[in-house]
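*Asks:* Residue numbers (the working numbering), protein chains in the order written: chain A, 1 to 335; chain B, 336 to 597. A virtual CB, placed ideally from N, CA and C, is assigned to each residue, including glycine.
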Ligand SMILES: Nc1ncnc2c1ncn2[C@@H]1O[C@H](COP(=O)(O)OP(=O)(O)OP(=O)(O)O)[C@@H](O)[C@H]1O
Ligand SMILES: [Mg+2]
Ligand SMILES: [Zn+2]
Ligand SMILES: [Zn+2]
Ligand SMILES: [Zn+2]
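1. By DSSP, does residue 129 (chain A) sit in helix, in strand, or in coil?
2. Run the proximity test for residue 557 (chain B): is its beta-carbon closer than 6 Å to any non-hydrogen atom belonging to ligand 1?
3. How many Å lie between residue 257 (chain A) and residue 28 (chain A) at the Cα?
4. Looking only at its chain, what residues have a beta carbon closer than 7 Å to the beta carbon of residue 56 (chain A), apart from the 5 residues adjacent to it on each side?
5. Quick one: which chain A residues come within Cβ less than 7 Å of residue 444 (chain B)?
6. Can you give me the C-alpha to C-alpha distance between residue 4 (chain A) and residue 188 (chain A), rounded to a whole angstrom?
7. Rounded to whole angstroms, what's the CA-CA distance from residue 492 (chain B) to residue 176 (chain A)? Just pull it up for me.
8. Reducing DSSP to helix, strand and coil, say where residue 465 (chain B) ends up.
9. Are there 16 or more other CB atoms within 10 angstroms of the CB of residue 318 (chain A), so buried, or fewer, so exposed?
10. So, is residue 217 (chain A) buried or exposed, given that buried needs 16 or more other C-beta atoms within 10 angstroms?
11. Which residues, in chain order, does the stretch 198-215 of chain A contribute to contact with chain B at a C-beta distance below 8 Å?
12. Apart from the five residues just before and just after residue 435 (chain B), which ones in its own chain have a Cβ nearer than 8 Å to its Cβ?
13. For residue 192 (chain A), does the three-state DSSP call read helix, strand or coil?
14. Does any C-beta atom of chain B lie closer than 7 Å to the C-beta of residue 32 (chain A)?
15. Looking at chain A, is there any beta carbon in it that lies within less than 7 Å of the beta carbon of residue 455 (chain B)?
16. I'd like the span of the alpha helix (DSSP H) that includes residue 30 (chain A), first residue to last.
17. Who are residue 348 (chain B)'s beta bridge partners in DSSP?
18. Measure the C-alpha to C-alpha separation of residue 15 (chain A) and residue 224 (chain A) and round it to an integer number of angstroms.
19. Mapping the DSSP letters down to three states, classify residue 164 (chain A) as helix, strand or coil.
20. Assuming residue 529 (chain B) and residue 415 (chain B) are in contact, meaning their beta carbons sit under 8 Å apart, how far apart are those beta carbons, in whole angstroms?
21. Taking the continuous beta strand (DSSP E) assigned at residue 315 (chain A), which residues delimit it?
22. What residues in its chain sit with their C-beta under 6 Å from that of residue 478 (chain B), if we drop five residues either side in the sequence?
23. Is it buried or exposed, residue 379 (chain B), if we count other Cβ atoms within 10 angstroms and call 16 or more buried?
24. Assuming residue 500 (chain B) contacts residue 534 (chain B) under a Cβ cut-off of 8 Å, what Cβ separation, rounded to an integer in Å, is found between them?
25. Check whether the Cβ of residue 483 (chain B) lies closer than 7 Å to any Cβ atom in chain A.
26. If distances are taken between C-alpha atoms only, which option among B:547, B:343, B:467 comes closest to residue 513 (chain B)?
27. Using a Cβ-Cβ cut-off of less than 8 Å, give me the residues of the stretch 130-160 of chain A that come near chain B, in sequence order.
28. Just checking: is the beta-carbon of residue 38 (chain A) within a distance shorter than 7 Å of some beta-carbon in chain B?
29. Once the 5 residues before and after residue 253 (chain A) are set aside, which same chain residues still bring their CB inside 6 Å of it?
30. Look up residue 442 (chain B) in the DSSP assignment and give the residues it is bridged to.
31. Alpha carbon to alpha carbon, how far is residue 333 (chain A) from residue 442 (chain B)? Give it in angstroms, no decimals.
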């Protein structure tokens with residue numbers, strides 16, 4: 001256990017924790033808009049394209065991070081353009097880039113004579129390789145990303161929820177769509193070191209799916225997703241560090257599995273909440289045509305009788321066993 | 336922007352629209368006067384949505400010209416004067432959102448980036464929700480609402496920007512009578528403020544008394560333009576949306592004239 005505590009004094013661990021925190025904040029923030037636009041897999045497509053970017057960096061002996069940023073942004077713009085122009089579905093465009101990016105990356109890394117191990121660092125994340133420079137880079141990009149997404153939240157919300165409406169409202173929809181794509185590309189490269197390119201998208205989507213279970217407003221969804229993202233990123237990192245005394249445990253997969261576990265545990269709550277909301281939403285205030293009195297009714301309905309009290313016009317109906325009972329003088333009416 | 340007070344909110348002169356090289360609208364001449372409530376009618380596929388999308392700038396015209404409030408379309412920037420309710424079945428998207436949030440997004444026309452909502456914005460949003468009668472449901476998720484209530488949310492969203500011209504594409508499709516009445520009341524309130532309304536609809540229902548003028552489309556052209564027809568004239572008998580039967584009015588004279596001439 002003291003070994004585990006000692007870990008925190010290691011500089012690389014501190015850097016990794018900081019990077020994880022930033023990634024956990026940024027990825028779900030932009031991911032919320034992707035999910036809203038029903039483009040949940042866009043992050044994945046960009047991640048695959050970025051593999052080629054990393055490989056180019058390795059081949060040319062420049063910083064793989066920078067080449068990854070450039071190639072990821074180009075890929076994101078390309079996906080967005082294909083999606084907008086190609087009137088058929090964007091799925092195919094995404095798929096083409098998926099395979100092209102991954103195949104290109106693996107091929108170029110081979111040409112560069114670098115071992116698979118080097119590429120692996122970027123594919124699945126690697127704690128120990130994070131430098132102080134990487135942390136500053138991550139920090140800068142995260143700040144830009146959060147300021148843009150949260151500052152432009154009303155605009156991005158309008159564009160993502162109804163592009164036609166947004167255009168008639170005078171917003172430059174194409175520009176905002178490109179902005180979302182570029183921000184997603186930036187996020188992918190930010191998260192590359194912690195979760196790895198192949199799993200980045202999970203950190204963009206799973207926290208949003210988790211927050212959606214419990215939230216019913218957009219604001220709580222995006223805030224909740226960021227909380228889940230941070231918990232998963234930090235928790236996953238610590239968990240993998242703690243386990244690494246016994247076995248090799250990569251942080252990326254641990255973070256993603258933890259996020260999935262959080263989704264799995266909120267899912268039943270979400271089902272229950274939605275059921276309850278549906279249960280308690282008011283009955284249509286249609287005039288009750290006939291006066292039907294209940295048969296024998298020994299139970300006394302009241303505020304805490306245990307039966308859901310659902311608003312119905314100017315009174316409440318108590319719901320049980322498929323009946324809607326409304327108090328009427330000394331007896332109950334069937335509504 | 337210089338705005339002449341009497342400039343018509345919408346003016347289409349010899350407008351044509353083609354989609355993928357295929358002419359859809361041809362020779363459209365339409366002037367909507369200020370304060371007018373115009374109903375745009377016609378069968379499925381007759382080009383109502385296409386015309387509305389051309390007017391709102393979502394589709395480019397391939398010929399002729401469109402002016403909004405006296406400004407040619409290419410120079411028009413005053414989009415806060417236009418409110419749009421697209422033809423959509425639902426107000427929901429991939430992420431949950433409340434009624435208030437969706438309506439508030441309509442205020443986008445008058446907001447600057449990076450600035451929070453002003454008190455004026457909040458008032459306009461609350462008013463818009465009030466007009467469509469959803470004040471009790473501001474905190475509910477839009478996906479929880481019925482189709483008719485979601486249409487009311489979409490109308491409130493357009494009203495939140497306090498436009499001078501409201502364009503609605505079939506907000507009443509598949510909406511029950513109670514909700515149609517609520518929609519009609521909202522539009523009556525809005526019209527009373529002096530605004531101009533263009534409404535696409537198959538059946539006018541409770542809206543009928545509000546309509547000043549009806550335009551009927553047929554196969555991409557305007558087949559009738561004149562005073563509102565009452566329901567009996569427009570639909571001599573009651574029928575569902577029969578495929579072989581379009582919604583051109585069955586009044587004798589205007590059609591007879593058009594039938595030969597064009
Ligand atoms: N994206 C498109 N691509 C090709 N043709 C289209 C497209 N959109 C519309 N059309 C064609 O344009 C014509 C007019 O369609 P439009 O949607 O304007 O009809 P509408 O009057 O609004 O019908 P509805 O009552 O069904 O809404 C139709 O013949 C349709 O086939
Ligand atoms: Mg239509
Ligand atoms: Zn009742
Ligand atoms: Zn009972
Ligand atoms: Zn009774």
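*Replies:* In brief:
1. Counting from 1 along the first chain, the entry for residue 129 (chain A) is found at position 129. DSSP, read as helix, strand or coil, puts residue 129 (chain A) in coil.
2. To locate residue 557 (chain B), count along the second chain from 1; it is residue 222. False, no ligand heavy atom lies under 6 Å from that Cβ.
3. The sequence position of residue 257 (chain A) within the first chain is 257, counting from 1. The sequence position of residue 28 (chain A) within the first chain is 28, counting from 1. If you take the alpha carbons of residue 257 (chain A) and residue 28 (chain A), they lie about 16 Å apart.
4. The residue you call residue 56 (chain A) lines up with position 56 of the first chain. Non-local beta-carbon contacts of residue 56 (chain A) in its own chain, meaning distances under 7 Å to residues more than five positions away in sequence, involve 67, 71, 108 in chain order.
5. Position 109 of the second chain holds residue 444 (chain B). What residue 444 (chain B) touches in chain A: 169, 170.
6. On the first chain, residue 4 (chain A) is found 4 positions in, with the first residue counted as 1. On the first chain, residue 188 (chain A) is found 188 positions in, with the first residue counted as 1. In a straight line, the C-alpha of residue 4 (chain A) is about 29 Å away from that of residue 188 (chain A).
7. Residue numbering aside, residue 492 (chain B) sits at position 157 when the second chain is read from its first letter. Residue numbering aside, residue 176 (chain A) sits at position 176 when the first chain is read from its first letter. About 20 Å.
8. Counting from 1 along the second chain, the entry for residue 465 (chain B) is found at position 130. Three-state DSSP puts residue 465 (chain B) in a helix.
9. By 1-based counting over the first chain, the position of residue 318 (chain A) is 318. Classification of residue 318 (chain A): buried, given that the 10 Å Cβ count is 16 or more.
10. Residue numbering aside, residue 217 (chain A) sits at position 217 when the first chain is read from its first letter. By the neighbour-count rule (16 or more Cβ atoms within 10 Å), residue 217 (chain A) is buried.
11. 208, 212, 215
12. Here residue 435 (chain B) refers to the residue found at position 100 when the second chain is read from its first residue. 460, 464, 473, 474, listed in sequence order.
13. Along the first chain, read from residue 1 onward, the residue named residue 192 (chain A) stands at position 192. Looking at residue 192 (chain A) - three-state DSSP - the assignment turns out to be coil, as it is neither helix nor strand.
14. Your numbering for residue 32 (chain A) matches position 32 in the first chain. Judged by the 7 Å Cβ criterion, residue 32 (chain A) is in contact with chain B.
15. Taking the second chain and counting its residues from 1, the one referred to as residue 455 (chain B) is at position 120. Chain A, which has no Cβ nearer than 7 Å to the Cβ of residue 455 (chain B), makes this no.
16. Numbered from 1 along the first chain, position 30 holds the residue referred to as residue 30 (chain A). 11-36 is the extent of the alpha helix (DSSP H) around residue 30 (chain A).
17. Your numbering for residue 348 (chain B) matches position 13 in the second chain. DSSP, once it has assigned bridges, lists B:400 as partnering residue 348 (chain B).
18. Indexing the first chain from 1 puts residue 15 (chain A) at position 15. Indexing the first chain from 1 puts residue 224 (chain A) at position 224. The alpha-carbon atoms of residue 15 (chain A) and residue 224 (chain A) are separated by roughly 25 Å.
19. Translated into positions along the first chain, residue 164 (chain A) becomes position 164. Here residue 164 (chain A) sits in helix by DSSP.
20. Start at 1 with the first residue of the second chain, and residue 529 (chain B) comes out as number 194. Start at 1 with the first residue of the second chain, and residue 415 (chain B) comes out as number 80. In fact, because the Cβ distance is near 16 Å, the residues do not count as touching under 8 Å.
21. Here residue 315 (chain A) is taken as the residue at index 315 of the first chain, counted from 1. That run of the beta strand (DSSP E) goes 315-320.
22. For the purposes of this step, residue 478 (chain B) is identified with residue 143 of the second chain, where counting begins at 1. Cβ within range, chain order: 427.
23. Reading the second chain from its first residue, position 44 is the one you call residue 379 (chain B). Per the 10 Å Cβ criterion, exposed.
24. Your numbering for residue 500 (chain B) matches position 165 in the second chain. Your numbering for residue 534 (chain B) matches position 199 in the second chain. About 12 Å separates the two Cβ atoms, so there is no contact after all.
25. By 1-based counting over the second chain, the position of residue 483 (chain B) is 148. So, not an interface residue.
26. As a first step, residue 513 (chain B) is located in the second chain; it is residue number 178 there, counting from the start. Selected option, being the one with the closest Cα: B:467.
27. 151, 152, 154, 155, 157, 158, 160
28. Stepping through the first chain from its first residue, residue 38 (chain A) is reached at position 38. Closer than 7 Å: yes.
29. Position 253 of the first chain, counting from 1, holds the residue named residue 253 (chain A). So the list is empty, once near-sequence residues are dropped.
30. The residue you call residue 442 (chain B) lines up with position 107 of the second chain. In the DSSP output, where bridge partners are listed per residue, residue 442 (chain B) has none listed.
31. Numbered from its first residue, the second chain carries residue 442 (chain B) at position 107. Numbered from its first residue, the first chain carries residue 333 (chain A) at position 333. The alpha-carbon atoms of residue 442 (chain B) and residue 333 (chain A) are separated by roughly 45 Å.
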